[in-house]
Amino acid sequence: MKIEKPIVATNGTLSNPVNKIIECIYSRRAVRKYLKQPVDKMIIEQVVDAGRMAPSAMNRQTLNFHVLTNTALIKSFSKQIGKAAIKGITKMKAIEIGKSLISALLHPHDLSFFKEDDFVFHGAPVVIFISAPIDSEWAGLDSGACAQNMMLAAKSLGLDTCPVGFAKFVGDTKMYSMLNIAKKEHVVLAVILGYGDEIPEVHLRKKDNLFFIEQE
Ligand SMILES: Cc1cc2nc3c(=O)[nH]c(=O)nc-3n(C[C@H](O)[C@H](O)[C@H](O)COP(=O)(O)O)c2cc1C
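Start counting the sequence shown at -13; every next residue gets the next number (the numbering used here).
Following this line, the structure appears as structure tokens:
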């Protein structure tokens, strides 16, 4: 196989897009503004299928997908999750809040989206909840790999996404039962999906975190 010249990523953009997959990885952004255009069910199924193709610990394939496409319903879920998330944060111990504040200061993050009317699902036309067994030690990692596959597949099909960790608070809402998620499972993450109405700036990536351990 011919090895192309190393990829030099400046400002998060590729000077040498070696292939479509790498180009797709670099062009994905967390998009928080969507057109009202609905997403065809076949596209949703294709995106979820890409998620199913992600690796899973011991090939257990434990994840389930619960999808919302009704705009009014998404809005209601968003409102309730927002309230539950704020309650959840205020319930955190003072020490945890302190740690989060320090982390927020050390790793500046644009929190302007908190001012949005819908700061949970950002007005997206599709929400895909990813659930996993409560007792699964690998649930977070399986869900992360799955979500990334879905987000890249969506990007390659001309759609945008955002992973939504806040979605885990859906379990603390009155609407949770509507999702019909089994008692032994919980929501780990959601991925919102739709046709983006913004191209967010690239968040520059740290470059001081690669260490080659070279032995003679
Ligand atoms: C596990 C996880 C949870 C996240 N939760 C949220 C969330 O609840 N709301 C949100 O707007 N963005 C969320 N994000 C998106 C991140 O804020 C975003 O990926 C990060 O700022 C980097 O931006 P980029 O994805 O455009 O490169 C989450 C990302 C990850 C990986």
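From the three backbone atoms N, C-alpha and C, an ideal C-beta is built for every residue, glycine too.
By the criterion of a C-beta distance shorter than 8 Å, residue 129 is surrounded in its chain by 49, 116, 118, 174 and 175, once the five residues flanking it on both sides are discounted.
Residue 123 sits in coil when the DSSP states are folded into three classes, being neither helix nor strand. Just measuring C-alpha positions, the residue of 16, 43, 169 and 71 sitting nearest residue 184 is 16.
In this structure, residue 132 has its CB at a distance of at least 6 Å from all heavy atoms of ligand 1. In this structure, residue 151 has its beta carbon less than 6 Å from a heavy atom of ligand 1.
Sequence-distant partners of residue 155 (beyond 5 residues in either direction) whose C-beta falls short of 7 Å from its own C-beta, in its chain, are 67, 70, 71 and 74. Residue range 27 to 38 is occupied by the alpha helix (DSSP H) that includes residue 30. DSSP places residue 175 in the uninterrupted beta strand (DSSP E) bounded by 171 to 180.
By the CB criterion at 7 Å, residue 145 and residue 190 fall outside the cutoff. With fewer than three CB-CB distances shorter than 8 Å, the segment 192 to 202 does not count as touching the segment 122 to 139. Ranked by Cα distance from residue 29, the first of 142, 85, 13 and 122 is 142. Here residue 25 is near residue 111, since their CB atoms are less than 7 Å apart. Under the three-state reduction of DSSP output, residue 165 falls in the helix class.
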